[in-house]
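In full-length UniProt numbering, the protein residues as written are 1 to 150. The beta-carbon is built from N, C-alpha and C at its ideal position, and this holds for glycine as well. The structure under discussion appears below in the form of structure tokens.
So this is what it looks like as structure tokens:
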């Protein structure tokens, strides 16, 4: 499995509670990330499903993701584990991420950190291609969070 770590922090307008309400609004959050579609709530703030669909090199990935909140402290921190498989392409995706909020003087610091991995056919494309896709997704999250918090 090709695995990659990520971590990024930005300052976002709003209190931690206001930012919390944005990042836990799953339909909104799914709209921020271009590769995620069709989110459904199984259990509020605990279990979700979504489809991750993207072209990675010559492969068209479409994986049904099972997303579970494994830890949460309201207004401060949320930890998620997501995994899914594209059986047609023969690739598996695993994502572990932690979002932490810390109050500042005029904004809230939001840190997203974690690890994602991909195995199977799509992993043969090389680490730079997969890394670019992952970096793009993290950047989309922060760009759209900033817009919605403004």
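Buried versus exposed, by CB contacts within 10 Å (16 or more), residue i
{"i": "residue 86", "result": "buried"}
{"i": "residue 90", "result": "exposed"}
Proximal residues to residue i (C-beta, below 6 Å), its chain only, five neighbours per side dropped
{"i": "residue 7", "result": "113"}
{"i": "residue 111", "result": "9 and 100"}
Cβ-based neighbour list, residue i, same chain, cut-off 8 Å, excluding 5 preceding and 5 following
{"i": "residue 4", "result": "115, 116, 117, 127, 130, 131 and 134"}
{"i": "residue 16", "result": "75, 76, 101, 102, 103 and 108"}
{"i": "residue 1", "result": "92, 94, 117, 118, 119 and 123"}
{"i": "residue 46", "result": "68 and 69"}
{"i": "residue 14", "result": "22, 107, 108 and 149"}
{"i": "residue 88", "result": "62"}
CB-CB length for residue i against residue j, believed under 8 Å
{"i": "residue 12", "j": "residue 19", "result": "5 Å"}
{"i": "residue 98", "j": "residue 79", "result": "5 Å"}
{"i": "residue 81", "j": "residue 64", "result": "Between residue 64 and residue 81 the Cβ distance is about 15 Å, and since that is not below 8 Å, they are no contact."}
{"i": "residue 142", "j": "residue 33", "result": "So it is not a contact: roughly 11 Å between Cβ atoms."}
Own chain partners of residue i with C-beta closer than 7 Å, once the 5 adjacent residues on each side are dropped
{"i": "residue 35", "result": "52, 53, 54 and 137"}
{"i": "residue 151", "result": "This structure cannot settle anything about residue 151, because the visible part of the chain is limited to 1 through 150."}
{"i": "residue 62", "result": "51, 53 and 86"}
{"i": "residue 84", "result": "52, 63, 64, 65, 66 and 93"}
Residues that residue i bridges to, as DSSP identifies them
{"i": "residue 12", "result": "108"}
{"i": "residue 53", "result": "62"}
{"i": "residue 150", "result": "Answer is none; residue 150 lacks a bridge partner."}
{"i": "residue 5", "result": "115"}
{"i": "residue 36", "result": "52"}
For this session: Write down every uninterrupted run of the beta strand (DSSP E) in the segment 61-134 whose length is 3 residues or greater and which is fully enclosed by it, in chain order.
Result: Within the segment 61-134, the complete beta strand (DSSP E) runs of at least 3 residues are 77-86, 91-103 and 107-120.
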